[in-house]
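Enquirer:
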Amino acid sequence: MSAVAVAPSAGARAPLDLAFVEAEREHPTSLGAEIGGHPALLLPVDYTCGNVCDPMVSLSAAALQATGLRPGVDVRLILVGLDPRDGPAAARALLARDGAGDALGEGFRALVGDRAAIDRLTGALGYSLTTDREAEAIVHPAAALLLAPDGRLARVLSPLALNGRDLRLAIVEAGEGRIGDLTDRFTLLCYGFDAATGIYTPLVRRILTAAALLTLLAVAAGLLLLGRSSRRAAR
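FYI, the numbering for the sequence shown is 3 to 237, going by our numbering.
#1: So what does DSSP say about G166, is it helix, strand or coil?
#2: Taking 8 Å as the limit between beta carbons, can you name the residues of its chain near G70, skipping five residues before and five after?
#3: Whose C-alpha, out of A7, R154, A65 and I140, is nearest the C-alpha of R87?
#4: According to DSSP, is D116 part of a helix, a strand, or is it coil?
#5: Hey, would you say A145 sits closer than 8 Å to V6, going by beta carbons?
#6: Please list, in chain order, all residues of the same chain as R40 whose beta carbon is under 7 Å from its beta carbon, the five residues on each side excluded.
#7: Are the Cβ atoms of A93 and A65 separated by less than 8 Å?
#8: Relative to the C-alpha of V82, which candidate in P73, L20 and N53 has its C-alpha closest?
#9: Excluding the five sequence neighbours on either side, which residues of its own chain have a C-beta within less than 6 Å of the C-beta of D154, listed in chain order?
#10: Could you please give the first and the last residue of the uninterrupted alpha helix (DSSP H) stretch that includes S60?
#11: Select from V114, A118 and V59 the residue whose C-alpha is nearest the C-alpha of P161.
#12: Check L44 in the structure and name its three-state DSSP category.
#13: Whole angstroms is fine: what's the gap from A126's alpha carbon to P10's?
#14: Does DSSP put R27 in a helix, in a strand, or in coil?
#15: How many whole angstroms separate the CB atoms of P46 and R122, which I take to be in contact at a CB cut-off of 8 Å?
#16: Give the range of the alpha helix (DSSP H) segment to which G34 is assigned.
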């Protein structure tokens with residue numbers, strides 16, 4: 003399981019020229035064409051896994067709807083199959099199970115590709131997976147990868163803990179001022195992304211926490227110096 007992780011390098015970027023097949027219409031496409039110059043929430047999934055991948059997709063779609071943004075206009079949700087043996091039919095079966103495609107309409111895409119395309123995409127984004135040969139299953143991280151319009155990896159999010167507010171802020175940030183409103187931009191000034199929790203938390207709280215720690219360190223240093231001065235005076 004140590005091989006299963008998301009550890010992107012600085013400046014990680016998804017190759018936009020990667021060739022895939024769009025599952026609904028079964029036509030060839032590219033990752034860049036499906037992103038279409040929008041921020042995109044990319045979900046690497048195993049289309050035949052109903053245990054984790056189905057909830058990942060349905061929860062991500064629900065969070066995207068809760069952002070108040072317009073799927074297909076402001077942002078897109080893109081699934082990429084991790085198992086090259088799974089064709090368009092497997093992707094459509096997942097969509098039929100959770101109904102995410104119907105909910106998001108043109109803002110939703112499910113892609114399938116060959117091993118070369120999958121390996122190049124996951125390698126570029128630092129997304130590591132392995133195969134459980136006994137169970138014949140793909141073992142992979144449960145992660146949502148938020149891409150900027152140019153394919154740059156903006157955030158790694160937990161698709162099982164997404165909420166509309168945090169996802170909206172992340173998408174607005176990834177959109178670099180092209181989507182959202184003044185309220186969103188003001189909120190981003192007051193909030194910062196906490197990578198440990200995967201949510202946006204008030205910067206004021208984090209600044210106060212840091213200030214409190216610095217104050218404690220200063221007090222401790224002062225007491226230490228005072229103690230040394232007292233010992234010298236006693237001599």
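Built from N, CA and C at the ideal position, the CB exists for glycine as well.
Expert: Quick look at the numbers:
#1: The residue labelled residue 166 in the question sits at position 164 within the sequence shown. Residue state, collapsed to three classes: helix.
#2: Position 68 of the sequence shown holds residue 70. For G70, same chain residues with a beta-carbon under 8 Å away, outside a window of 5 residues either side, are G166 and R170 in chain order.
#3: Counting from 1 along the sequence shown, the entry for residue 87 is found at position 85. From the listed residues A7, R154, A65 and I140, the smallest Cα separation to R87 is found for I140.
#4: Along the sequence shown, read from residue 1 onward, the residue named residue 116 stands at position 114. In this structure, D116 counts as coil in the three-state DSSP scheme.
#5: Indexing the sequence shown from 1 puts residue 145 at position 143. Indexing the sequence shown from 1 puts residue 6 at position 4. Cβ distance not < 8 Å, so A145 and V6 don't count as in contact.
#6: As a working note, residue 40 is residue 38 in the sequence shown. Before going on, a small fix: residue 40 reads as His here, not Arg. Excluding positions up to five away in sequence, the list reads D76, V77, R78 and P151.
#7: Start at 1 with the first residue of the sequence shown, and residue 93 comes out as number 91. Start at 1 with the first residue of the sequence shown, and residue 65 comes out as number 63. In this structure, A93 lies away from A65, with their beta-carbon atoms at least 8 Å apart.
#8: Position 80 of the sequence shown, counted from the start, is the residue given in the question as residue 82. When only C-alpha atoms are compared, the closest one is L20.
#9: Residue numbering aside, residue 154 sits at position 152 when the sequence shown is read from its first letter. It should be noted that the sequence gives Arg, not Asp, for residue 154. Excluding positions up to five away in sequence, the list reads R15.
#10: On the sequence shown, residue 60 is found 58 positions in, with the first residue counted as 1. C55 to A68 is the span of the alpha helix (DSSP H), which, as asked, contains S60.
#11: Here residue 161 refers to the residue found at position 159 of the sequence shown. Residue nearest to P161 within the set V114, A118 and V59 is V59 (criterion: CA-CA distance).
#12: Translated into positions along the sequence shown, residue 44 becomes position 42. Looking at L44 - three-state DSSP - the assignment turns out to be strand.
#13: For this step, residue 126 is matched to residue 124 along the sequence shown. For this step, residue 10 is matched to residue 8 along the sequence shown. Cα to Cα, A126 sits roughly 8 Å from P10.
#14: Here the question's residue 27 lines up with position 25 in the sequence shown. In the structure shown, R27 sits in coil (DSSP, three-state: anything other than H, G, I, E or B).
#15: Position 44 of the sequence shown, counted from the start, is the residue given in the question as residue 46. Position 120 of the sequence shown, counted from the start, is the residue given in the question as residue 122. Not quite, the Cβ-Cβ distance comes to about 13 Å (not below 8 Å), so this is no contact.
#16: Reading the sequence shown from its first residue, position 32 is the one you call residue 34. G34 -> alpha helix (DSSP H) spans L33 to I37.
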